[in-house]
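Asker:
Residue numbers (the working numbering): 354 to 618.
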């Protein structure tokens with residue numbers, strides 16, 4: 354897909370429309386549930402010590418951020434293409450000078466923008482609750498943001514995975530496959546260990562293949578250290594950022610390749 358100035362404008366238009374559609378579909382209403390969860394947690398944690406309060410709030414807040422974000426990435430992501438096909442608006446879009454690759458990238462960026470708003474608001478919510486619990490001053494409120502950034506990178510990968518599956522399968526199957534990747538991706542290191550412990554060469558090849566093929570999402574998991582105020586090293590952040598960008602590029606290229614060859618007649 355050749356990308357020039359006009360191509361980027363078309364992609365940006367699709368991304369904006371995707372974000373607006375997500376807002377209309379009340380996707381961001383999960384923020385209300387998140388705020389309620391944090392508020393109730395802060396109330397019930399009142400009996401604990403202030404330091405213990407802070408750890409639990411960060412752990413709970415970041416975990417909820419990941420789960421809410423994964424829910425959006427998977428269940429909204431798998432419907433990005435299907436909804437356009439089902440409503441037959443896809444034919445109207447492609448009647449205009451919009452390439453299929455541009456359409457997919459625009460959809461992807463639009464959902465990533467939705468997730469960015471989601472993650473930033475949730476991160477701010479956790480920080481504000483921390484400040485309230487700690488009496489207006491705590492280094493944890495700032496130290497949790499690198500972990501928030503890693504969560505967002507993970508959600509960007511998961512969105513790409515959902516988009517890839519949705520480019521050739523039904524929404525239900527795409528959601529199940531994406532959910533499987535999300536779960537297995539957090540235990541990908543165990544796949545390699547499991548393969549090495551087996552006697553069968555075929556089994557070792559199978560598990561090693563899964564290890565290298567599926568995204569290693571455990572690299573982005575820094576929730577527990579963040580609860581103790583530990584920030585990820587700069588080299589770790591740069592490494593996983595590069596890993597995420599490369600993996601996302603491969604996912605989008607694969608999605609575009611499959612989607613351009615798909616017959617919608």
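From the three backbone atoms N, C-alpha and C, an ideal C-beta is built for every residue, glycine too. Since this is a predicted model, take the numbers as computed values, not measurements.
When the distance is taken between beta carbons, is residue 471 closer than 8 Å to residue 422?
Answerer: Here residue 422 refers to the residue found at position 69 when the chain shown is read from its first residue. Here residue 471 refers to the residue found at position 118 when the chain shown is read from its first residue. Cβ atoms of residue 422 and residue 471: closer than 8 Å.
Asker: According to DSSP, simplified to helix, strand and coil, what is residue 447?
Answerer: The count along the chain shown starts at 1 and reaches residue 447 at position 94. If DSSP states are grouped into helix, strand and coil, residue 447 belongs with the helices.
Asker: For residue 528, which residues of its own chain have a beta-carbon under 7 Å away from its beta-carbon, when the five flanking residues on both sides are left out?
Answerer: Here residue 528 corresponds to residue number 175 of the chain shown, with the count starting at 1. If we look at residue 528 and ignore the five residues flanking it on each side, its Cβ neighbours are 427, 428, 431.
Asker: Count the other CB atoms, across all protein chains shown, that sit within 10 Å of the CB of residue 565; report buried if there are 16 or more and exposed otherwise.
Answerer: One-based indexing of the chain shown puts residue 565 at position 212. Per the 10 Å Cβ criterion, exposed.
Asker: Is it buried or exposed, residue 385, if we count other Cβ atoms within 10 angstroms and call 16 or more buried?
Answerer: By one-based count along the chain shown, residue 385 stands at place 32. With fewer than 16 other Cβ atoms within 10 Å, it is exposed.
Asker: Residue 459 and residue 367 look like a contact to me (Cβ under 8 Å); what is the Cβ gap, rounded to whole Å?
Answerer: Residue 459 sits at position 106 when you count from the first residue of the chain shown. Residue 367 sits at position 14 when you count from the first residue of the chain shown. Right, their Cβ atoms sit about 3 Å apart.
Asker: Assuming the contact rule is C-beta atoms closer than 8 Å, residue 320 and residue 532 should be a hit. Round their C-beta distance to whole Å, please.
Answerer: Since the displayed the chain opens at 354 and closes at 618, residue 320 lies outside it and no answer follows.
Asker: According to DSSP, is residue 552 part of a helix, a strand, or is it coil?
Answerer: Along the chain shown, read from residue 1 onward, the residue named residue 552 stands at position 199. Of the three classes helix, strand and coil, the one that applies to residue 552 here is coil, per DSSP.
Asker: To the nearest angstrom, how far is it from the Cα of residue 602 to the Cα of residue 518?
Answerer: Locating residue 602 in the chain shown gives position 249, counting from the first residue. Locating residue 518 in the chain shown gives position 165, counting from the first residue. So the two alpha carbons sit approximately 15 Å from each other.
Asker: Could you pull out every residue in the same chain whose Cβ sits closer than 6 Å to the Cβ of residue 408, ignoring the five residues on either side in sequence?
Answerer: For this step, residue 408 is matched to residue 55 along the chain shown. Answer for residue 408: 580, listed in chain order.
Asker: Nearest to residue 568 by CA position, among 548, 542, 411, 582, is which residue?
Answerer: Position 215 of the chain shown, counted from the start, is the residue given in the question as residue 568. Considering only alpha carbons, the answer is 542.
Asker: Pull up the distance between the alpha-carbon of residue 591 and that of residue 597, whole angstroms please.
Answerer: By one-based count along the chain shown, residue 591 stands at place 238. By one-based count along the chain shown, residue 597 stands at place 244. Cα-Cα distance, rounded: 10 Å.
Asker: Relative to the C-alpha of residue 593, which residue among 582, 455, 573, 583 is closest?
Answerer: As a position in the chain shown, residue 593 is number 240, starting the count at 1. The option with the nearest alpha carbon to residue 593 is 573.
Asker: Rounded to whole angstroms, what's the CA-CA distance from residue 390 to residue 558? Just pull it up for me.
Answerer: Translated into positions along the chain shown, residue 390 becomes position 37. Translated into positions along the chain shown, residue 558 becomes position 205. Whole-angstrom Cα-Cα distance: 44 Å.
Asker: Are residue 365 and residue 387 close, meaning C-beta to C-beta below 8 Å?
Answerer: For the purposes of this step, residue 365 is identified with residue 12 of the chain shown, where counting begins at 1. For the purposes of this step, residue 387 is identified with residue 34 of the chain shown, where counting begins at 1. In this structure, residue 387 does not lie closer than 8 Å to residue 365 by Cβ.
Asker: So, does the stretch 545-552 touch the stretch 441-461, judging by three or more C-beta pairs under 8 Å?
Answerer: Contact fails: fewer than three Cβ-Cβ distances are below 8 Å.
Asker: Tell me whether residue 499 is buried or exposed, calling it buried when 16 or more other Cβ atoms sit within 10 Å of its Cβ.
Answerer: Here residue 499 refers to the residue found at position 146 of the chain shown. Buried, because 16 or more other Cβ atoms sit within 10 Å of the Cβ of residue 499.
Asker: For residue 582, name the three-state secondary structure that DSSP assigns.
Answerer: Residue numbering aside, residue 582 sits at position 229 when the chain shown is read from its first letter. The answer is coil: DSSP assigns residue 582 none of H, G, I, E or B.
Asker: What is the rounded straight-line gap between the Cα of residue 456 and the Cα of residue 473?
Answerer: Numbered from 1 along the chain shown, position 103 holds the residue referred to as residue 456. Numbered from 1 along the chain shown, position 120 holds the residue referred to as residue 473. Their Cα atoms are separated by approximately 26 Å.
Asker: Nearest-angstrom Cα distance between residue 521 and residue 604?
Answerer: Stepping through the chain shown from its first residue, residue 521 is reached at position 168. Stepping through the chain shown from its first residue, residue 604 is reached at position 251. Straight-line Cα distance between these residues: approximately 13 Å.
Asker: Among 425, 451, 438, 463, whose alpha-carbon lies nearest the alpha-carbon of residue 373?
Answerer: What you label residue 373 is simply residue 20 of the chain shown in a count that begins at 1. Selected option, being the one with the closest Cα: 463.
Asker: Could you tell me the distance, in whole angstroms, from the CA atom of residue 575 to the CA atom of residue 523?
Answerer: In the chain shown, residue 575 corresponds to position 222, counting from 1. In the chain shown, residue 523 corresponds to position 170, counting from 1. Each residue's alpha carbon lies about 33 Å from the other.
Asker: My output table needs one value for residue 442: the three-state DSSP class, helix, strand or coil.
Answerer: The residue you call residue 442 lines up with position 89 of the chain shown. DSSP places residue 442 in helix when its eight states are reduced to three.
Asker: Can you give the beta carbon distance from residue 537 to residue 600, rounded, assuming they're within the 8 Å contact cut?
Answerer: Mapped onto the chain shown, residue 537 falls at position 184. Mapped onto the chain shown, residue 600 falls at position 247. Going by Cβ atoms, the distance from residue 537 to residue 600 rounds to 15 Å, so no, they are not a contact pair.
Asker: Just to confirm, are residue 493 and residue 585 a CB contact at a threshold of 8 Å?
Answerer: As a first step, residue 493 must be located in the chain shown, where it is residue number 140. As a first step, residue 585 must be located in the chain shown, where it is residue number 232. Not closer than 8 Å, so no.
Asker: Report the residue from 379, 515, 485 whose alpha carbon sits nearest the alpha carbon of residue 535.
Answerer: As a working mapping, residue 535 is identified with position 182 in the chain shown. Measuring from the Cα of residue 535, the nearest candidate turns out to be 515.
Asker: With distances taken Cα to Cα, identify the nearest neighbour of residue 619 among 369, 434, 393, 450.
Answerer: The structure shown does not extend to residue 619, since the chain is modelled only from 354 to 618, so the question has no answer here.
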